[in-house]
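At position 171 of the sequence shown the residue is numbered 177 (the working numbering), and the sequence of numbers has no breaks.
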Amino acid sequence: MHPAAEHSPLGKSSEYIATYTPSLLFPIPRTAKWAELGLTADTLPYKGVDFWNCFELSWLLPSGKPVVAIGEFSIPADSPNIIESKSFKLYLNSLNQTPFADIASLEATLVKDLSAAAGKPVGVRVRSLKDVEGEGVVALPGVCIDDLDISVSNYEHPRPELLRCDDSRIVEESVHSHLLKSNCPVTSQPDWGSVVVEYRGAALDHASLLEYIVSFRQHSDFHEQCVERIFLDLQRLLKPEKLTVFARYVRRGGLDINPYRSTESVQLPNHRLVRQ
C-alpha cells in the first residue's frame, strides 16, 4: 500500500457532507510509485494525462433548483500528486447542496480546488447529459487480442519476462485487450479495465502481450501506476520509435479513471467504451 493512502478516506466509513468542503480532497504524492518504477519527476519517459469522468455531479442554482451533469477532469501525468478517488467523490458530493451562479462559476471552483490538490493545473469541463448522450460509445482502435489461445498460470504480479518480440521486424500497429484487471492497493476491490498499446518498433508477440496483461489480475496498484508499468515494460522490450499506452477503467462510485501515457505530444481522446 502507498504509505500516504493509509491516511486517506478510502476503505473507511465516511460522513456524507453535502455542502462545499474543498478540504475533503486528499492528495497522494506520485514520487513513491515513481521510485518503485525507477523514475523521478525529472526522468519521466512519457507525456500524458489522467482523465477522470464523474457521472454523479450535481449542485444547486441560485433559485435552489438542483442540476445534474457530467464532469470531465484532466490531471497531468507529471503532476506532483494524484487525488485519492474516494476523497474526490466526497469532495464532489459536497457540491450537492451548494449554490453556484452558473456553470462557469462551478468550473472555476473545480479548477481551483483540483489544481491545488494535484499540484498542477487541472482541466475541467462540465457537460450536459444531452451532449454526452449524443456522443455514444466507441470501439478501441486496432486488433483485439482477447480471442488468442493462451495458457495462464501467473496472476499475482506483472510478469514482464513473459513479453516477446521479433527484433527483425519493425511494425506500426494498435492492439487492445479488455482483460486488464488489478486490485485497489487499499481496499483490495477489483479494478476492471481495457488497455490499448500503439507503437512503432520491434514486432510484439500478441499472445505474450495477452499473457502479460492477465498477469496483473491479482496485482495491487493504482490505475495510473498499472499503465505506467505497462508502458515502461514495453518500452524496454520494443525500444520503439513511438509508444502510447492507455487504459479505460470501469467506474466505481460514479468515477472512472483513464490514464494515458505516450512518447508523443498528441491530442488524446476521452471517448467512453461500452463498459463505461
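A virtual CB, placed ideally from N, CA and C, is assigned to each residue, including glycine. Here the structure is a predicted model, which means the values were calculated and not measured.
Beta bridge counterpart(s) of E204 as assigned by DSSP: Here residue 204 corresponds to residue number 198 of the sequence shown, with the count starting at 1. S180, T250.
Exposed unless 16 or more other CB atoms sit within 10 angstroms - verdict on E217: For the purposes of this step, residue 217 is identified with residue 211 of the sequence shown, where counting begins at 1. Result: buried.
For V149: DSSP bridge partner residues: As a first step, residue 149 must be located in the sequence shown, where it is residue number 143. Paired residues: V181.
Exposure of G207, with buried meaning 16 or more beta-carbon neighbours within 10 Å: For the purposes of this step, residue 207 is identified with residue 201 of the sequence shown, where counting begins at 1. Looking at its Cβ environment, which holds 16 or more other Cβ atoms inside 10 Å, G207 is buried.
Distance between D48 and A38 (C-alpha atoms, nearest Å): In the sequence shown, residue 38 corresponds to position 32, counting from 1. In the sequence shown, residue 48 corresponds to position 42, counting from 1. So the two alpha carbons sit approximately 14 Å from each other.
Opposing strand residues paired with S159 [DSSP bridges]: Within the sequence shown, residue 159 is the residue found at index 153, counting from 1. Answer by DSSP bridge pairing: none, since S159 is not bridged.
Three-way DSSP call (helix, strand, coil) for D173 in this model: For this step, residue 173 is matched to residue 167 along the sequence shown. Three-state DSSP puts D173 in a strand.
Buried or exposed (CB count within 10 angstroms, at least 16 for buried), I176: Taking the first residue of the sequence shown as 1, we reach residue 176 at position 170. So I176 ends up on the exposed side.
Opening and closing residue of the alpha helix (DSSP H) in which D119 lies: In the sequence shown, counting from the first residue as 1, residue 119 sits at position 113. Taken as a continuous stretch (DSSP letters only), the alpha helix (DSSP H) holding D119 covers 109-124.
Three CB pairs or more closer than 8 Å across the segment 264-281 and the segment 106-115: no
Supposed contact pair H229 and P265 - C-beta distance, whole angstroms, cut 8 Å: Translated into the one-based positions of the sequence shown, residue 265 becomes position 259. Translated into the one-based positions of the sequence shown, residue 229 becomes position 223. Confirmed, Cβ separation roughly 6 Å.
Paired residues, beta bridge with Y255 - DSSP: By 1-based counting over the sequence shown, the position of residue 255 is 249. For Y255, which the question treats as bridged, DSSP gives the partners G199.
Opening and closing residue of the beta strand (DSSP E) in which D84 lies: Residue 84 sits at position 78 when you count from the first residue of the sequence shown. Premise fails: D84 is in no beta strand (DSSP E) and is neither H nor E.
DSSP three-state assignment for E21, whether helix, strand or coil: Residue 21 sits at position 15 when you count from the first residue of the sequence shown. Of the three classes helix, strand and coil, the one that applies to E21 here is coil, per DSSP.
Burial state of K92, where buried means 16 or more other Cβ atoms lie within 10 Å: Here residue 92 refers to the residue found at position 86 of the sequence shown. It counts as buried.
Alpha carbon of A83 to alpha carbon of V220, nearest angstrom: In the sequence shown, counting from the first residue as 1, residue 83 sits at position 77. In the sequence shown, counting from the first residue as 1, residue 220 sits at position 214. Straight-line Cα distance between these residues: approximately 24 Å.
Beta-bridge partners of L63, as assigned by DSSP: For the purposes of this step, residue 63 is identified with residue 57 of the sequence shown, where counting begins at 1. BP columns for L63 point to A75.
Closest Cα partner of H184 within the set V192, L154, D211: What you label residue 184 is simply residue 178 of the sequence shown in a count that begins at 1. That would be L154, whose Cα lies nearest to the Cα of H184.
Residues of its chain near L112, where Cβ-Cβ distance is below 8 Å and the 5 sequence neighbours each way are ignored: As a first step, residue 112 must be located in the sequence shown, where it is residue number 106. Excluding positions up to five away in sequence, the list reads W65, L101, F106, V132.
DSSP bridge partner residues for S188 (one or two, in chain order): Residue mapping note: residue 188 aligns to position 182 of the sequence shown, counting from 1. DSSP lists D197 as partners of S188.
Reduced DSSP category for F57 - H, G, I as helix; E, B as strand; rest coil: Within the sequence shown, the letter at position 51 stands for residue 57. In this structure, F57 counts as strand in the three-state DSSP scheme.
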